[in-house]
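Everything on this sheet refers to the single structure shown next.
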Amino acid sequence: MSEHRRLTILEHLQELRSRLLISLAALAMTTALSLAFAKPLMLLLVAPIGEGRLVALSPTETIIAFFRVSLISGVVLAMPVIVYQLVRFLLPALTDQERRYLMIFVPAAWVSFALGVGFAALVILPFAVRYLQGFLSDVIAQTWAVSPYLSFVTTFLLAMGLVFETPLAIFFLAKLGIVSPAFLRHYRRHAVVLIATASSPVCLRAFFAPGAGTHPR
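In this text, residue positions in the sequence shown follow this note's numbering: the first is 6, and each later residue adds one.
If you want it as structure tokens, here you go:
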């Protein structure tokens, strides 16, 4: 079927269904694969705690945390396949120039996301955990539960991965003519307030720099 032929609504829905099924199959495979190394991954995520230990507050909390980490790992591993299926679905509606930009953007976005997650895990997360452990430690004895801690860590890592993609996304939006330097200058203050509000006090600068740095003065 030629990509240049206009598709009917039914054909669009059939192709969308096919792309979704492939993406779900990839997610199921990568999640199953992640079960094999979920324990080492959990040890890596709890390493910033140091000598402290997490506690489980319910009989099933540990196993739920185990499968949660496996699922998140599966999503990250399956993301190239998911993005590829999305790109293939969108390609017929794009111009040749937009296709070229998209083919560059997709691998670059994946690299940026990986760099953001790696930077957060190796640099920011240990500092953030130490800060939180020491905050009012002479007043309140801290004992952290498994689920809230892993939820905090995984959300933080994924958020930092997305933050590192912000400059790249704005660059390609500007190339496509969707945004302009004048638009960015006009909404610079709004973006600064939004980024600062969404960032935690512990890691404000880490969230702030990639996003705010893309807005021209």
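In this text, a Cβ means the ideal position worked out from N, Cα and C, and glycines have one as well. Since this is a predicted model, take the numbers as computed values, not measurements.
A distance below 6 Å between beta-carbons, with the five flanking residues on each side excluded, links A43 to the following residues of its chain, in chain order: F71, V74, S75.
With a beta-carbon spacing of about 5 Å, L162 and A125 fall inside the 8 Å limit used to define contacts. Looking at the DSSP output, A150 bridges to V60. Here L107 is not near V88, since their CB atoms are 8 Å or more apart. For M34, the closest of L18, A83, A164 by C-alpha to C-alpha distance is A83. The C-alpha of F118 lies about 27 Å from the C-alpha of R22. About 6 Å separates the beta carbon of R104 from that of L96, a gap short enough to meet the 8 Å contact definition. In the DSSP annotation of this structure, the continuous segment of the alpha helix (DSSP H) that includes A113 starts and ends at 101-124. I183 carries a coil assignment under DSSP once its states are collapsed to helix, strand and coil.
Between V134 and I54 the beta-carbon gap is near 6 Å, inside 8 Å, which marks them as a contact.
Sequence-distant partners of V122 (beyond 5 residues in either direction) whose C-beta falls short of 7 Å from its own C-beta, in its chain, are L162, M165, G166. Counting C-beta pairs with one atom in each stretch, the segment 49-69 and the segment 141-156 have three or more that are closer than 8 Å, which means they touch. The Cβ atoms of Q90 and I27 sit closer than 8 Å to each other. Under the three-state reduction of DSSP, I145 is assigned to coil, being neither helix nor strand. About 13 Å separates the CB atoms of T159 and I69; that is not less than 8 Å, and the two are not in contact. Of the residues assessed, A114 falls on the buried side of the cut-off, its CB having 16 or more other CB atoms within 10 angstroms.
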